[in-house]
Amino acid sequence: MANLSASNHVARVLSAANQMAGVDTETRIAASWRRCLINHNLDPARRGPPQTLTESEVRHIAEPMEDLIQVAIPELEDLARVLHDSGYCVNLADPNATMLVSRLPGGDYERMFLEWKIYTGSNFAETFEGTNGLGTALAEQRPILVHGDEHFREQWHMFTCAVSPLFDHAGRLAGAVNISSCRSDLGRSAHELALAVTTEATRRIEHSFFRRRYRASWITTLPGEGQGMLAYDNDRRVVGACRSARAAFGLTDAMIDDGIDLSHLLQLDDRATRMSDEPVTLRRADGTPWGRGHLAPPVRARSPRPLPTREKPAGQFSGLHRLAGRDPVLIKGVKRLMTVGNLDLPILLHGETGAGKDVFARAIHAASNRAGRNYVALNCAAMPESLIDAELFGYEAGAFTGARREGSKGLIVQASGGTLFLDEIGDMPLALQTRLLRVLENREVWPLGALKPVPVDIRLISATHRDLARMAEDGSFRSDLYYRLRGMEIRLPALRERADRRDVIAQIADQEAPHCRISTEAWAQLMAYPFPGNMRQLRHVLRLASATAEGGVITEADLDLPPFGPRDVETDHAAAERAAIVDALRGNGGRVTETAKALRLSRATLYRKIKVLKIGLDG
């Protein structure tokens, strides 16, 4: 049946390519199919995963887009929250269709996306993957919905992709926001609604980025559906225009570089320029009314908020002392780190998600005698299990299907002479824990397919939010590796636990909202909120607030702080563990031996957990 389906699809594609009558395919899709066959010489029946970049390659590509990514992330996370229950993944891609930021929906849907390699690092350019939402939207530079068998390659038929291209402050293609679903029960109309939500989120990202870029200028938001934006200086010389504004006025880069006068485009009276971010009536250059627009004055730079003074030690540990601030727990941790100096001692950082473990690890590296060498990081929880092995240990040319022709060094070899940071080490699969332990003991790496080991010299810093001691006790983490990693353990307190919490919030506000003032009410709300996402959540909240603040003042209305009540962490953990075991038992027909293998537990441990968590084996 699958082969018949593939044959039928190939026949439809060829019919569209030959422009035969009676092909029931949307015109844009048919045009894309023809491009794929004639221009790109692709085969609709070909199967196989998309091209996927390594974590280091993704970082290299993402670096020039860092400002745009920072602006986009709050919107992407809001979009992921809105679409979570519908099973969508949310991605931000660069102009070449490489996914740089991914938010997966969890559960079976997430496993599906991971299995098909729809995540950070994957490339879905139309020239490689044929007609698909991301690649085709970028090729045509306009939003599109590609539903089911509208995909060029038959293997993507279980997915639907809704994509909106993203343009920068100068109207150039900067990437795209993509949402994908593998739910067969959702009709096209539901996906069209999701596309509308995605397009609106993309427009907000573009507006936020434009405002950030021209925050020192006057900004006029034009009437109409496209809501173009113009930036101009105090002399009313245009200094910037977004894509839709350029189209509305026929503006070119040369005209903007020459400082075209605003009067050639719009009429504004003096009263409008004295108003603060209020709706105004706009007239065209010839005086005819255009409609109601919006006028925002320049954001005035504020003087940095003074922080409490204290003695800050100079020298190699200054970065660590800066991160410790005035918190006694962190100050004690930094003092312990200073005592070991450059000893080759593995360090284990323990703290909640978003508490700044990577930032702290980078500061440890910068304070060591390895500071001039590589700092290499891998998030063990974010990398699919099938890729961690190759990423960490590397491989020789031809080691497996899809391997690079020249092979890959692997992150451990790349970090040799410097520091390797393994974030969320508690999520590393047991089989890889064994290989990592061997590396730490023998100081050498065996890449996949290699005939001899590669000697390495690394300082290892690991981090986790899990209780590794308890995991080592119940067999879900190797106890010998745990004691190897725990040369010195440093606890990073949650933001809500820090004694210098006000200082930290003020410092991050200066970084994320440098031209905004925080109102007294907003300050009170920030101090009262527990921030379960810690520093990462605080940064996102302040970044979004700086983009929405009117008149340069962040109020309570600008703070996106979802409800967060008191929780029993132990109860939450037990409930999650019980649900995982029940699901595994059901998936393995109630067979304990197979379930223990699937969960990587011993049978004795699994039986003990079944008893403690009161799980019935009769269904």
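With the working numbering applied, the sequence shown covers 1 to 619. Glycine included, each C-beta is placed from N, C-alpha and C at the ideal position.
Beta-carbon proximity check, residue i vs residue j, cutoff 9 Å
i: L633; j: H191; result: Outside the displayed range of the chain (1 to 619) lies residue 633, so it cannot be described from this structure.
i: P645; j: R543; result: The question about residue 645 has no answer here: the residues shown for the chain are numbered 1 through 619.
i: G228; j: R243; result: yes
i: I388; j: T419; result: no
i: L492; j: Y529; result: no
i: G417; j: V445; result: no
i: E352; j: P532; result: yes
i: G426; j: V413; result: no
i: S56; j: V376; result: yes
i: L138; j: L100; result: no
i: L68; j: G224; result: no
i: F152; j: E129; result: yes
i: G334; j: F317; result: The question names Gly, but residue 334 is Val in the sequence shown. Closer than 9 Å, so yes.
i: V625; j: L262; result: Because the chain here runs from 1 to 619, residue 625 falls outside it and cannot be looked at.
i: P346; j: L440; result: yes
i: T198; j: L104; result: no
Helix, strand or coil at residue i according to DSSP, with G and I counted as helix
i: A403; result: With a pLDDT of 48 at A403, under the threshold of 50, the modelled position of this residue cannot be trusted; read the value that follows with caution. The answer is coil: DSSP assigns A403 none of H, G, I, E or B.
i: Y395; result: strand
i: L166; result: strand
i: R212; result: helix
i: A296; result: strand
i: L460; result: strand
i: I256; result: helix
i: Q155; result: helix
i: Y119; result: coil
i: I615; result: coil
i: W446; result: coil
i: T131; result: coil
i: E489; result: strand
i: D261; result: strand
i: G291; result: strand
i: H40; result: coil
i: T52; result: strand
Terminal residues of the alpha helix (DSSP H) in which residue i lies
i: W523; result: 520–528
i: H540; result: 534–548
i: L561; result: It is not in any alpha helix (DSSP H) - L561 carries neither H nor E in the DSSP assignment.
i: H321; result: 318–324
i: A506; result: 501–512
Cutoff 9 Å: residue i Cβ touching any chain B Cβ
i: S122; result: In the structure shown, chain B does not exist; there is a single protein chain.
Delimiting residues of the beta strand (DSSP E) encompassing residue i
i: P74; result: That residue, P74, is in no beta strand (DSSP E); its alpha helix (DSSP H) goes 66–83.
i: N178; result: 173–181
i: Y88; result: 88–93
i: A241; result: 238–241
i: L100; result: 99–103
i: N442; result: Note, N442: premise wrong, no beta strand (DSSP E); alpha helix (DSSP H) at 430–442.
i: W218; result: 218–221
i: F421; result: 419–423
i: H147; result: 144–147
i: A596; result: From DSSP, A596 is part of no beta strand (DSSP E) but of the alpha helix (DSSP H) over 592–599.
i: H350; result: 347–350
Residue i versus residue j: straight-line alpha-carbon distance, rounded
i: L585; j: T605; result: 14 Å
i: V299; j: S217; result: 8 Å
i: A301; j: A231; result: Residue placement at A301 is flagged as unreliable, the pLDDT there being 42, under the threshold of 50; the coordinate-derived value follows with that caveat. Each residue's Cα considered, the two are about 17 Å apart.
i: L348; j: A72; result: 32 Å
i: H60; j: T131; result: 27 Å
i: N91; j: T288; result: 42 Å
i: V582; j: T595; result: 10 Å
i: D344; j: R501; result: 33 Å
i: K609; j: S479; result: 19 Å
i: A598; j: T120; result: 26 Å
i: E126; j: N41; result: 11 Å
i: L378; j: F421; result: 6 Å
i: R373; j: N534; result: 30 Å
i: A254; j: G171; result: 14 Å
i: V10; j: E200; result: 35 Å
i: V541; j: A45; result: 46 Å
i: S602; j: E521; result: 53 Å
i: Y482; j: A194; result: 45 Å
i: E546; j: R517; result: The displayed chain sequence assigns Ser, not Glu, to residue 546. For S546 and R517, the distance between alpha carbons rounds to 9 Å.
i: A241; j: I508; result: 30 Å
i: A580; j: D474; result: 16 Å
- Are there three or more Cβ pairs, one per stretch, closer than 8 Å when the stretch 116–131 is compared with the stretch 40–50? yes
- Message: With a threshold of 8 Å, are at least 3 pairs of Cβ atoms found where one atom belongs to the stretch 546–563 and the other to the stretch 585–595?
- Response: no
- Query: Using 8 Å as the Cβ pair cut-off and three pairs as the minimum, do the stretch 197–216 and the stretch 75–87 touch?
  - Reply: yes
- So does the stretch 31–38 actually touch the stretch 105–113, counting three or more Cβ pairs closer than 8 Å? no
- Message: Could you check whether the stretch 82–90 touches the stretch 178–187, counting it as contact only if at least three pairs of C-beta atoms, one from each stretch, sit closer than 8 Å?
- Response: yes
- Query: Are the stretch 353–363 and the stretch 317–328 touching, with three or more C-beta to C-beta distances below 8 Å?
  - Reply: yes
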